[in-house]
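What follows is a single structure, written as structure tokens, with notes after it.
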């Protein structure tokens with residue numbers, strides 16, 4: 001009997017010459033392509049050995065099944081293509097020395113910087129704010145040496161690859177959430193409403209998607225309020241450093257409770273069997289419409305193996321939407337200001 005180990009956060013270490021373990025969950029499921037091949041093979045067998053039978057009603061049924069499978073596959077392809085450009089790759093670096101300039105910082109990885117791990121995130125708005133898990137950037141958030149650095153790799157709306165340093169804006173360990181900022185063509189909120197954070201917050205909430213002048217593509221936010229067990233969901237992230245990886249599954253449970261990085265409890269978490277591994281942390285969990293319904297955060301691992309058990313968790317997007325605006329404006333959650 002398999003024994004479940006501890007709940008593991010998904011910050012992926014970078015190990016040289018190590019091939020990532022295969023996902024044992026996927027071996028128990030037929031892919032859509034295999035299902036399509038299987039269905040076609042059955043049809044060929046039937047026609048070959050039952051030529052004298054009445055098959056007038058059989059061929060249309062097979063054709064309909066093939067068409068439905070193709071439509072479902074095409075939907076998944078379009079969903080990934082429409083969402084993947086909003087997902088970012090976060091790399092944690094420890095510098096050998098404090099950089100003297102921005103240009104030196106950008107070259108740090110090519111010199112003596114140590115790659116400590118990778119994670120995922122997604123573009124929140126056209127100002128360049130990136131949402132991820134706190135545990136992905138915890139070292140940067142608590143750094144006092146000036147040697148910690150996060151590099152963010154993303155694709156803009158014109159399919160141009162961009163790599164930039166991510167500056168920490170705010171974080172909330174209670175809910176394992178953090179916000180990074182990458183340079184953008186848009187002006188900052190403080191320049192619009194200097195010294196007036198409440199007005200800036202209202203402006204941001206009203207204009208989050210409609211602001212122009214930036215080529216970044218924010219995600220489309222959904223809601224986690226009306227989710228149902230059994231509905232399809234999709235995870236996009238960078239497991240083991242493999243960028244833009246898509247996995248599929250269903251919502252396995254709702255209202256779960258998982259530990260936060262500071263030992264408190266995160267309530268209302270979404271449980272899913274969509275494959276999530278080290279490096280997926282901070283990436284979006286999306287529904288069949290391409291709307292973000294959660295942030296992939298943790299998984300149970302098989303004790304002693306480090307392999308995912310298929311019991312994975314995401315922070316519901318309704319919780320995220322409530323907290324992130326305060327992190328952007330104030331740098332801390334609402335509860336910490338009083």
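In the UniProt record's numbering, the protein residues as written are 1 to 338.
Built from N, CA and C at the ideal position, the CB exists for glycine as well.
All of these numbers come straight from a predicted model, not from anything done at the bench.
*Could you check the C-alpha separation between residue 132 and residue 71 for me, to the nearest Å?*
Approximately 32 angstroms between the Cα atoms of the pair.
_Backbone secondary structure at residue 96 - three-state DSSP_ = coil
*Paired residues, beta bridge with residue 131 - DSSP*: DSSP links residue 131 through a beta bridge to 122, 179.
*Would DSSP call residue 274 helix, strand or coil?*
coil
*Please classify residue 243: does DSSP put it in a helix, a strand, or coil?*
coil
*With respect to the beta strand (DSSP E) encompassing residue 302, which residues constitute its N-terminal and C-terminal limits?*
292-302
*Compare the Cα-Cα distances from residue 154 to each of 317, 147, 145, 164 and report the closest residue.*
164
*For residue 339, which of helix, strand or coil comes out of DSSP?*
The structure shown does not extend to residue 339, since the chain spans only 1 to 338, so no value can be given for it.
*Cβ neighbours of residue 85 in the same chain (closer than 6 angstroms, five flanking residues each side left out)*: So the list reads 155, 217, once near-sequence residues are dropped.
*Bridge partners of residue 311, per DSSP?*
Residue 311 is not bridged to any residue.
*Helix, strand or coil for residue 217, going by three-state DSSP, please let me know.*
coil
*For residue 251, which residues does DSSP report across the bridge?*
272, per the DSSP bridge assignment.
_Rounded C-alpha distance that separates residue 170 from residue 141_ = If you take the alpha carbons of residue 170 and residue 141, they lie about 8 angstroms apart.
*Proximity below 9 angstroms, CB of residue 294 to CB of residue 285*: In this structure, residue 285 lies closer than 9 angstroms to residue 294 by Cβ.
_For residue 224 and residue 288, believed in contact at Cβ under 8 angstroms, the rounded distance_ = Residue 288 to residue 224, Cβ: 14 angstroms. No contact.
*Which residue comes first and which comes last in the beta strand (DSSP E) that contains residue 147?*
Neither: residue 147 is in no beta strand (DSSP E) and is coded neither H nor E.
*When the Cα atoms are used, what is the spatial distance from residue 332 to residue 326?*
7 angstroms
_CA nearest to the CA of residue 175, picked from 283, 265, 66_ = 265
*Looking at C-alpha atoms only, which residue of 75, 94, 152, 126 is the closest neighbour of residue 282?*
152
*Euclidean distance between Cα positions of residue 255 and residue 270*: For residue 255 and residue 270, the distance between alpha carbons rounds to 6 angstroms.
_If you reduce the DSSP assignment to three classes, tell me which class residue 63 lands in._
helix
*asked:* Among 251, 236, 292, whose alpha-carbon lies nearest the alpha-carbon of residue 228?
replied: 251
*Return yes when the Cβ of residue 320 is within less than 9 angstroms of the Cβ of residue 177, no when it is not.*
yes
*For residue 130 versus residue 77, is the C-beta spacing smaller than 9 angstroms?*
No, the pair does not count as a contact, with Cβ atoms beyond the cut-off.
*Would you report the Cα separation of residue 79 and residue 315, rounded to the nearest angstrom?*
21 angstroms
_Could you compute how far the alpha carbon of residue 143 sits from the alpha carbon of residue 121?_
Those two C-alpha atoms are separated by around 20 angstroms.
*Identify the residues that DSSP records as bridge partners of residue 157: which are they?*
Answer by DSSP bridge pairing: none, since residue 157 is not bridged.
_Span separating the alpha-carbon of residue 323 from that of residue 62_ = 49 angstroms
*With residue 167 as the anchor, note down where its beta strand (DSSP E) starts and where it stops.*
167-172
*How many Å lie between residue 277 and residue 145 at the Cα?*
30 angstroms
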